[in-house]
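Residue numbers (this note's numbering): -8 to 524.
Glycine is no exception: its CB is placed at the ideal position from the N, C-alpha and C atoms.
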Ligand SMILES: [Fe+2]
Ligand SMILES: [Fe+2]
């Protein structure tokens, strides 16, 4: 650390950040979790793979102030950061965090990286690791939910606020310190992570999450450092983290930064900045690299920065932090890859929909092709179909995986997922054009669908084809409460839905034409899967 930084660190450490309100260790969970999974109104803004493209002659921007910096948009394509930044709001939902958590973690982590003096190459990798740290978060949701019989999002939220590596001597104190409200959910996570029982399950779930997230980052052709950071973000400085038990400098630097940044963000959001610093100091040398905590101290008194985290325009602010010389541009090919990557995140949420989005996209594209849809509309249709259920990331697996019919309250909660799909996709400038279409997959021609009750001409050809493909895939695949239906059964129901005025006749005929002559639904799904691969 430079002498200047050291002096600044010492100065900052001697001061205390003023409390906004009394520390509330016993405070209830944030409203976003108490009320289910409602999106925060106005809580964010809209925000792209092939080898990296670097924008020429881009304007250099230094510093990591939260203050939104004005930038010219790229001439060709869109910044990848704008796209994945907006989509990160969906990852927040699955992680049980208030919307904007990943973006705020990026602002904090980049400030730490700037203070530490990372290179532009390191900053670029860190930037995307912070934004996409939770790419694997959906992959352990079903396991977690079934293990505890509880809402996976609430469990994950409690986990983030729990000092689960405290030794047995300190467990009681740590429990009191770090388990707000002493909720059963938090206690369950604490017991699990302390190894009192089922530590093997904890290890398995963490490994699944970390490996899956890293694999998807690789699929997006992001820097290797990004994938490494995502794979190691739950490792701890003292070697007691998961899943690999790495220690000290054996943990990649960027992974160490992501770990600190995300935890500080959770605490500053759930409580206040002072509490977040107390947590960081309490875990300095155990969870966190001491040098990084020193870097965090260096901007403890920057009230403008910390106040800015609560501003509505954090997505614009985070866009300004991508290293100028390494701005990644998303062309159409890269946008397609982003849609496919997030379809994998969506499908990983439940074992019963393990390839649903990819299959729906493949069925819809084949049907629309047979119907003579233009190349341009086919591209839009595929992206919309891949992302149509992104709102399900905000629905608990206790509902998604329930092995019985949903009760009225659960059904109403499930129906919220199309609303979430609309809200999430609207934030992405290049996806905004099909956000409403993707969110309309449960609307019906006769107006009996949800969530807007659209009908007739309000539903265009793309929406009609996706709706037919969605029903086809859902009927053909196994569900928690029934086995997948045969082709005869599937098209028997589709024909009835057409007769009753729910589905578009032409769209259903397009789907039927696609699979005419195939022997079974297994072939339908395997064909779809191979095309989607
Ligand atoms: Fe759906
Ligand atoms: Fe669906």
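Own chain, CB closer than 6 Å to residue i, minus 5 neighbours either side, in chain order
{"i": "residue 362", "result": "501"}
{"i": "residue 41", "result": "Summary for residue 41: the model assigns pLDDT 25, below 50, so the residue's position carries little reliability, and this model does not support an answer."}
{"i": "residue 284", "result": "271, 275"}
{"i": "residue 11", "result": "Only weak support is given to the placement of residue 11: the predicted model assigns it a pLDDT of 33, under 50, and the value that follows is read from those uncertain coordinates. These residues qualify, in order along the chain: 263."}
{"i": "residue 63", "result": "Any reading at residue 63 is ruled out, since the residue's pLDDT is 43, under 50, leaving its predicted position unreliable."}
{"i": "residue 342", "result": "133"}
{"i": "residue 216", "result": "116, 245"}
{"i": "residue 297", "result": "264"}
For residue i, the residue or residues it bridges with in DSSP
{"i": "residue 321", "result": "69"}
{"i": "residue 473", "result": "470"}
{"i": "residue 296", "result": "BP columns for residue 296 are empty, so no partner."}
{"i": "residue 482", "result": "Answer is none; residue 482 lacks a bridge partner."}
{"i": "residue 275", "result": "279"}
Residue i classed as buried or exposed, judged by whether at least 16 other C-beta atoms fall within 10 angstroms
{"i": "residue 36", "result": "Residue placement at residue 36 is poorly supported in this model, since its pLDDT is 26, which falls under 50; the coordinates are not used for a value here."}
{"i": "residue 402", "result": "exposed"}
{"i": "residue 214", "result": "buried"}
{"i": "residue 444", "result": "exposed"}
{"i": "residue 349", "result": "buried"}
{"i": "residue 243", "result": "buried"}
{"i": "residue 506", "result": "buried"}
{"i": "residue 335", "result": "buried"}
{"i": "residue 439", "result": "exposed"}
{"i": "residue 383", "result": "buried"}
{"i": "residue 115", "result": "buried"}
{"i": "residue 428", "result": "buried"}
{"i": "residue 399", "result": "exposed"}
{"i": "residue 163", "result": "Because residue 163 carries a pLDDT of 48, less than 50, the predicted location of this residue cannot be relied on, and no value is offered for it."}
{"i": "residue 104", "result": "buried"}
{"i": "residue 106", "result": "buried"}
{"i": "residue 226", "result": "buried"}
{"i": "residue 352", "result": "buried"}
Pairwise C-alpha distance: residue j and residue i
{"i": "residue 111", "j": "residue 316", "result": "8 Å"}
{"i": "residue 282", "j": "residue 249", "result": "14 Å"}
{"i": "residue 392", "j": "residue 408", "result": "15 Å"}
{"i": "residue 397", "j": "residue 389", "result": "10 Å"}
{"i": "residue 499", "j": "residue 489", "result": "8 Å"}
{"i": "residue 310", "j": "residue 466", "result": "41 Å"}
{"i": "residue 258", "j": "residue 119", "result": "22 Å"}
{"i": "residue 330", "j": "residue 378", "result": "6 Å"}
{"i": "residue 100", "j": "residue 246", "result": "10 Å"}
{"i": "residue 417", "j": "residue 279", "result": "37 Å"}
{"i": "residue 372", "j": "residue 79", "result": "22 Å"}
{"i": "residue 461", "j": "residue 433", "result": "9 Å"}
{"i": "residue 366", "j": "residue 240", "result": "50 Å"}
{"i": "residue 322", "j": "residue 140", "result": "43 Å"}
{"i": "residue 328", "j": "residue 84", "result": "22 Å"}
{"i": "residue 109", "j": "residue 291", "result": "19 Å"}
Among the options, nearest to residue i - alpha-carbon criterion
{"i": "residue 471", "options": "407, 415, 395, 480", "result": "395"}
{"i": "residue 481", "options": "463, 491, 494, 73", "result": "463"}
{"i": "residue 415", "options": "333, 435, 364, 489", "result": "333"}
{"i": "residue 364", "options": "306, 452, 195, 419", "result": "452"}
{"i": "residue 497", "options": "429, 95, 96, 360", "result": "360"}
{"i": "residue 86", "options": "105, 145, 473", "result": "145"}
{"i": "residue 251", "options": "262, 270, 504", "result": "270"}
{"i": "residue 90", "options": "71, 375, 385, 141", "result": "385"}
{"i": "residue 153", "options": "138, 127, 105, 267", "result": "267"}
{"i": "residue 221", "options": "468, 127, 256", "result": "127"}
{"i": "residue 303", "options": "83, 94, 82, 81", "result": "94"}
{"i": "residue 122", "options": "343, 457, 312, 327", "result": "312"}
{"i": "residue 70", "options": "320, 358, 425, 399", "result": "320"}
{"i": "residue 375", "options": "425, 342, 254, 327", "result": "425"}
{"i": "residue 485", "options": "459, 422, 469, 134", "result": "459"}
{"i": "residue 381", "options": "358, 412, 124", "result": "412"}
{"i": "residue 125", "options": "223, 134, 237", "result": "223"}
{"i": "residue 314", "options": "292, 113, 151", "result": "113"}
{"i": "residue 265", "options": "293, 277, 238", "result": "293"}
Close Cβ partners of residue i (< 7 Å) along its chain, the five nearest in sequence each way excluded
{"i": "residue 442", "result": "406, 409, 410"}
{"i": "residue 573", "result": "Any property of residue 573 remains undetermined from this structure, which presents the chain solely from -8 to 524."}
{"i": "residue 431", "result": "445, 450, 454"}
{"i": "residue 130", "result": "199, 200, 203, 339"}
{"i": "residue 345", "result": "338"}
{"i": "residue 194", "result": "233, 234"}
{"i": "residue 356", "result": "369, 372, 373"}
{"i": "residue 256", "result": "92, 95, 96, 99"}
{"i": "residue 354", "result": "460, 463, 464, 502, 505, 519"}
Contacting residues, own chain, Cβ-Cβ under 8 Å from residue i (five flanking each side not counted)
{"i": "residue 436", "result": "446, 447, 450, 455, 492, 493, 494, 495"}
{"i": "residue 561", "result": "Given that the chain is displayed from residue -8 to residue 524, the structure contains no residue 561 and the question cannot be resolved."}
Any non-hydrogen atom of ligand 3 within 6 Å of residue i CB
{"i": "residue 392", "result": "Questions concerning ligand 3 fall outside what the structure shown contains, since the ligands it does hold are ligand 1 and ligand 2."}
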